[in-house]
Amino acid sequence: MKCSALGVVFCSSFLWVGPGLPPSETLVITNVNVVDTRHGGLVPKVNVVIKDGVIAAISKVALVETGPHNRLVNAEGRYLIPGLWDMHARLSQHAAWNRGSGLILYLVNGVTGLRDPDGAEEKHAETNADAMLSPEIAKRGLSPHPELGIVEFDAIGGLEQADLDSSPGAWLHREMEELVNTGSTPLQALQSATYNAALYMAKLDEYGVIERGHIADMVLLDENPLDDIRNAEKVSAVVLRGRYFS
0 MKCSALGVVF CSSFLWVGPG LPPSETLVIT NVNVVDTRHG GLVPKVNVVI KDGVIAAISK
60 VALVETGPHN RLVNAEGRYL IPGLWDMHAR LSQHAAWNRG SGLILYLVNG VTGLRDPDGA
120 EEKHAETNAD AMLSPEIAKR GLSPHPELGI VEFDAIGGLE QADLDSSPGA WLHREMEELV
180 NTGSTPLQAL QSATYNAALY MAKLDEYGVI ERGHIADMVL LDENPLDDIR NAEKVSAVVL
240 RGRYFS
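Heads up, the final residue of the sequence shown is numbered 245 in numbering that gives the first Met the number 0, and it's a clean run with no missing numbers.
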């Protein structure tokens, strides 16, 4: 076995690939600054190892088997965030418009997950089956206790989009900017489309943070979004279920 001297590897038995997407290569993103959306701050200059679409290790060094199906990306000076979630994407109302190129445009904007608040389950299945490159599409969930009064809440990302001529995913960035304009920190705005979204869907063990064992849906940025939330639009590459697109 040939190995490149990057350190210690952690393996995960979790395997998840989306509909129509072939199994991913082993991907190693080196020298990257990971944005910690759970606690805030940065984890600087680490190596992120991805196997079978899942984050297998995050460490200063990593020992990785080399081969034709492995890919090494030097991300020095760039920033890695979890894939963004649009929690108000009405795909069931605009199913034909959102297929194909529309779904790819979400990915171009760093949106790797969509939740349709009205969506019929069969429409979601049809949309996923039609798209080779599709964000994860979550079905509408039930509110466990809608009758209870609200004392405090966390923001989640997703606006009612009236202008279908706008690029899919662009409205989510406008919303994060507005959150900052109205008093939120860049971290809180970013959490609205990552950590809070996953927490709301009870999927924080899979999405919303960059941690070992989580599904490898991530966005590589040229600038630090914690300095300026508008930097979340400076997408260098997108990792979708462990596959790297730039």
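Glycine included, each C-beta is placed from N, C-alpha and C at the ideal position. Computed from a prediction, not measured in an experiment: that's the story for all the values here.
Select from G52, A231, N73 the residue whose C-alpha is nearest the C-alpha of R240.
Out of G52, A231, N73, the CA that lies nearest to the CA of R240 is found in G52.
With 16 other CB atoms within 10 Å as the buried threshold, where does I149 fall?
Residue confidence is low: I149 scores 38 on pLDDT, short of 50, so the model does not pin down where it sits. Its coordinate-derived value is still stated next. Label assigned to I149: exposed.
Taking 8 Å as the cut-off, decide whether the C-beta atoms of A236 and I49 are in contact.
Taking 8 Å as the Cβ cut-off, A236 and I49 do not qualify as a contacting pair.
What first and last residue would you give for the alpha helix (DSSP H) that runs through E176?
Note, E176: alpha helix (DSSP H), 169-180.
At 3 residues or longer, and completely inside the stretch 16-57: list those beta strand (DSSP E) runs for me, N to C.
You should have 25-34, 41-50.
C-alpha distance - V238 paired with P134, whole-angstrom precision:
Inter-residue distance for V238 and P134 is about 11 Å (C-alpha atoms, whole angstroms).
Between which two residues does the alpha helix (DSSP H) carrying N108 extend?
Counting along the chain, N108 falls outside any alpha helix (DSSP H), and DSSP gives it neither H nor E.
Using CA atoms only, rank isn't needed, just tell me which of D221, T25, L186 is closest to G40.
Minimum Cα-Cα distance from G40 among the listed residues D221, T25, L186 corresponds to L186.
Looking at the unbroken beta strand (DSSP E) that takes in S245, where does it start and where does it end?
Counting along the chain, no beta strand (DSSP E) covers S245, and no H or E run does either.
Given this structure, state the Cα-to-Cα distance separating V27 from L71, to the nearest angstrom.
Those two C-alpha atoms are separated by around 5 Å.
Are the Cβ atoms of V179 and A188 separated by less than 8 Å?
Yes, these two residues count as a Cβ contact at 8 Å.
Determine the DSSP secondary structure at L220, reduced to helix, strand or coil.
In the structure shown, L220 falls within a strand segment according to DSSP collapsed to helix, strand and coil.
Whole-angstrom distance between D85 and I228, CA atom to CA atom:
Rounded to whole angstroms, I228 to D85 spans 16 Å at the Cα level.
Count the other CB atoms within 10 Å of the CB of P43; is the residue buried (16 or more) or exposed (fewer)?
Result: exposed.
Meets three-Cβ-pair contact criterion under 8 Å: the stretch 206-225 and the stretch 72-83
Per the Cβ contact rule, the stretch 206-225 is in contact with the stretch 72-83 (3 or more Cβ pairs under 8 Å).
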